[in-house]
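In this note's numbering, the protein residues as written are 95 to 520. For every residue, glycine included, the Cβ atom is placed at its ideal position computed from N, Cα and C. Source: prediction; values computed, not measured.
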């Protein structure tokens with residue numbers, strides 16, 4: 095998938111996204127889930143747990159999240175009383191903030207002591223001290239926090255054989271979709287024993303790799319957009335990759351996009367959830383040319399594009415594309431005005447789909463459906479349509495495809511968005 099962006103400084107950047115084949119250590123045979131390992135595999139490769147490599151780490155790195163209390167404390171030289179007053183002025187409940195901070199650190203200490211007790215050498219870092227050197231030192235990286243900490247931890251894992259295991263340190267305030275199940279947070283010792291005894295199976299996960307085509311000699315840098323968070327505020331320079339220009343992409347876009355003055359660089363980061371292409375200033379509209387799987391490019395204007403993996407299909411892209419039940423109800427009522435016969439054969443409509451189990455959708459049996467009022471019938475129909483459509487937005491983390499979503503597409507005499515959502519392999 096290739097995008098050519100047009101910027102006000104007459105600088106043109108072309109970037110391409112494709113999938114890198116990674117492997118995730120995901121479900122223990124006893125329901126421990128969402129451990130991640132990054133390993134290159136063949137596309138059609140599959141194997142049983144007995145064939146998977148043994149998990150015998152000797153060194154473990156724990157990446158701890160920075161709690162709200164930690165973040166607030168890092169903004170100035172405050173004593174405890176001053177910090178509480180500062181948080182109250184910002185609208186925070188200082189008691190809740192402190193309680194969650196203590197909950198997190200108690201679980202962090204338990205994880206650290208458990209690993210040490212199993213004979214592992216352990217180091218603890220946070221966002222400020224998490225580096226490539228610390229990653230290279232460790233045989234395994236544990237993230238102590240929620241999904242944000244897990245994603246940040248995975249962002250520095252470039253080698254496919256480095257496992258990343260997420261432990262949700264505060265399940266009551268964080269869902270932790272990418273982390274181990276909630277029961278693991280209450281049974282840290284048992285969880286570590288299961289991992290070290292290889293009671294799990296492997297699951298392929300795909301991450302997105304981004305390639306930029308840009309002017310030769312341009313000093314590319316990655317800068318964090320949110321300067322408030324205490325992370326590496328200076329960003330880091332991207333070394334040139336010395337890749338040849340993608341000729342196929344040059345054929346899709348105007349000549350100035352891929353002139354002799356351009357070169358190609360592969361970014362040194364991989365996206366586990368999604369890639370967002372758009373203006374860094376959210377109030378600005380993005381103008382670009384887009385090509386999907388080598389098709390003819392289309393000039394579009396929108397609030398940007400989100401390109402998601404199967405792992406990320408339950409996250410941002412899902413929230414962008416899902417249709418809530420009230421919206422479906424309004425749509426069905428509008429259709430009913432055009433097609434008054436919509437209420438005929440109610441039980442047939444609600445039970446005809448071979449791909450949907452009515453009972454799973456909390457819809458009553460056919461006899462009750464046939465006796466419902468028009469309003470109740472539309473509500474049941476909307477419930478079924480909501481589940482079918484929204485579930486179709488989610489796909490396996492193992493899948494080789496990407497889901498792209500155009501945010502707030504603008505269509506007029508100049509710009510057109512033929513397909514605001516779809517799947518792509520390149």
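Three-state secondary structure assigned by DSSP to residue 191: Looking at residue 191 - three-state DSSP - the assignment turns out to be helix.
Segments assigned beta strand (DSSP E), at least 3 residues, entirely inside the region 155 to 227: 215 to 219
Contacts around residue 204, its chain only, beta-carbon distance under 6 Å, and the 5 residues preceding and following it disregarded: 282
Close Cβ partners of residue 231 (< 8 Å) along its chain, the five nearest in sequence each way excluded: 153, 155, 217
Whole-angstrom distance between residue 385 and residue 159, CA atom to CA atom: 38 Å
Limits of the unbroken beta strand (DSSP E) element including residue 264: Per DSSP, residue 264 belongs to no beta strand (DSSP E) and is neither H nor E.
Where the alpha helix (DSSP H) through residue 248 begins and ends: 241 to 249
Buried/exposed call for residue 310, threshold 16 Cβ in 10 Å: Per the 10 Å Cβ criterion, exposed.
Segment contact flag, the region 166 to 179 with the region 244 to 260, C-beta cutoff 8 Å, min 3 pairs: Judged by pairs of C-beta atoms under 8 Å, the region 166 to 179 does not touch the region 244 to 260, as fewer than three such pairs exist.
Buried versus exposed call for residue 240 [16 or more other C-beta atoms within 10 Å across all chains shown]: Buried is the label assigned to residue 240, since at least 16 other Cβ atoms lie within 10 Å of its Cβ.
Which listed residue (415, 224, 422, 425) has its alpha carbon closest to that of residue 400: 415
Which of helix, strand or coil DSSP assigns to residue 371: strand
Distance, residue 252 Cα to residue 224 Cα: Rounded to the nearest whole angstrom, the CA to CA distance from residue 224 to residue 252 is 14 Å.
Cβ contact (3+ pairs, closer than 8 Å) linking the region 471 to 483 and the region 375 to 394: no
Residue 383 classed as buried or exposed, judged by whether at least 16 other C-beta atoms fall within 10 angstroms: buried
Span separating the alpha-carbon of residue 417 from that of residue 493: 23 Å
Reduced DSSP category for residue 432 - H, G, I as helix; E, B as strand; rest coil: helix
Cβ of residue 401 within 9 Å of any chain B Cβ: Reference to chain B is not applicable here, since this structure consists of a single protein chain.
Contact check, residue 404 vs residue 520, beta carbons under 9 Å: Going by C-beta atoms, residue 404 is not nearer than 9 Å to residue 520.
Sub-9 Å separation of residue 221 and residue 157 beta-carbons: yes
Residue environment, residue 429, which counts as buried when at least 16 other CB atoms sit within 10 Å: The residue is exposed, with fewer than 16 neighbouring Cβ atoms inside 10 Å.
Simplified DSSP assignment, three categories, for residue 423: In this structure, residue 423 counts as helix in the three-state DSSP scheme.
For residue 393: DSSP bridge partner residues: 383
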